[in-house]
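> This is the structure, below, for whatever I ask next.
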């Protein structure tokens, strides 16, 4: 992302899309050459995979991602504009701030994977609260470059939610784990639409660029509310089975 941002500012946005297209073709070629060719599972079928949609825990987990992840995207989508308008930095600084955001996401995914193994679904609730707290700091940090650089790392760390929810979906999907894995990305992209949409509405309403942080807080807490329902109903079902 930082490289794409730098290329866009230096050579124009069309070059960024050209690079993405080349990388996509290269990835397809590498997968075709190196990915193992496993035989199809004899019991696999689309109808069997669609059975995951009958499970309430699948929908609740997807809701956590679709709403909770929106908080991070609410800030991320307008980060460059906020840095230029509020922080007062030039285009040459933007790739470095985005790089810090990316480092936060890497650390968050490593932490999220560890937390998912150790704490299960509880880790998702913790990461949502982490995101809400980091996003609440963003409006106060935005006017100060060094402060906002620290906060974007913390916000990026909330990206670890993805690995936790992926594990959760595989656990609750039964025999439809392939569809569940795909649906996690659908929830992620839904969040990528909802967050910027609501944040853009806040900016258009005249609440300022930093209002994106408060929109992010609301979405993270909304995801946390869905997580509470998912966690409580999941525990109740486990106790009933016992």
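Residue numbers (our numbering): 4 to 245. Glycine is no exception: its CB is placed at the ideal position from the N, C-alpha and C atoms.
Measure the CB-CB distance between residue 172 and residue 127 and report whether it falls below 8 angstroms.
no
> Among residues of its own chain, excluding the 5 on either side of residue 190, which ones have a beta-carbon nearer than 6 angstroms to its beta-carbon?
65, 68, 69
> Kindly indicate which residue of 197, 24, 122 has the alpha-carbon position closest to the one of residue 80.
197
> Using a Cβ-Cβ cut-off of 7 angstroms (strictly less than) and excluding sequence neighbours within five positions of residue 89, which residues of its own chain qualify?
145, 146, 212, 213
> List the endpoints of the continuous alpha helix (DSSP H) containing residue 185.
180-205
> Rounding to the nearest angstrom, what Cα-Cα distance links residue 29 and residue 20 in this structure?
14 angstroms
> Per DSSP, what kind of secondary structure is residue 141 in: helix, strand or coil?
helix
> Looking only at its own chain, which residues have a Cβ that is under 6 angstroms from the Cβ of residue 205, when we skip the five neighbours before and after it?
Contacts found: 214, 218.
> Give me the Cα-Cα distance between residue 165 and residue 87, rounded to the nearest whole angstrom.
So the two alpha carbons sit approximately 29 angstroms from each other.
> Helix, strand or coil, according to DSSP, for residue 101 in the structure here?
helix
> So residue 71 and residue 131 are supposed to be a Cβ contact under 8 angstroms. How far apart are they, rounded?
Under the criterion of beta carbons closer than 8 angstroms, residue 71 and residue 131 qualify as touching, at roughly 5 angstroms.
> List the whole-angstrom C-beta distance separating residue 236 from residue 123, where the pair is believed to meet the contact cut-off of C-beta under 8 angstroms.
For residue 236 against residue 123, the beta-carbon gap comes to about 15 angstroms, at or over 8 angstroms, which does not count as contact.
> If residue 77 and residue 222 are in contact, beta carbons under 8 angstroms, what's the gap, nearest whole angstrom?
6 angstroms
> What number of angstroms, rounded off, separates the C-alpha of residue 57 from the C-alpha of residue 185?
If you take the alpha carbons of residue 57 and residue 185, they lie about 16 angstroms apart.
> Just how far apart, CA to CA, sit residue 25 and residue 239?
Distance between the alpha carbons of residue 25 and residue 239: 49 angstroms.
> CB residue 161 to CB residue 129, shorter than 8 angstroms?
no
> Can you tell me which of 158, 9, 15 puts its alpha carbon nearest to the alpha carbon of residue 93?
9
> State the CB to CB distance for the pair residue 139 and residue 216, rounded to an integer number of angstroms; the pair is presumed to be in contact (CB under 8 angstroms).
About 7 angstroms separates the Cβ atoms of residue 139 and residue 216, confirming a contact at the 8 angstroms cut-off.
> Alpha carbon to alpha carbon, how far is residue 181 from residue 42? Give it in angstroms, no decimals.
15 angstroms
> To the nearest angstrom, how far is it from the Cα of residue 36 to the Cα of residue 178?
29 angstroms
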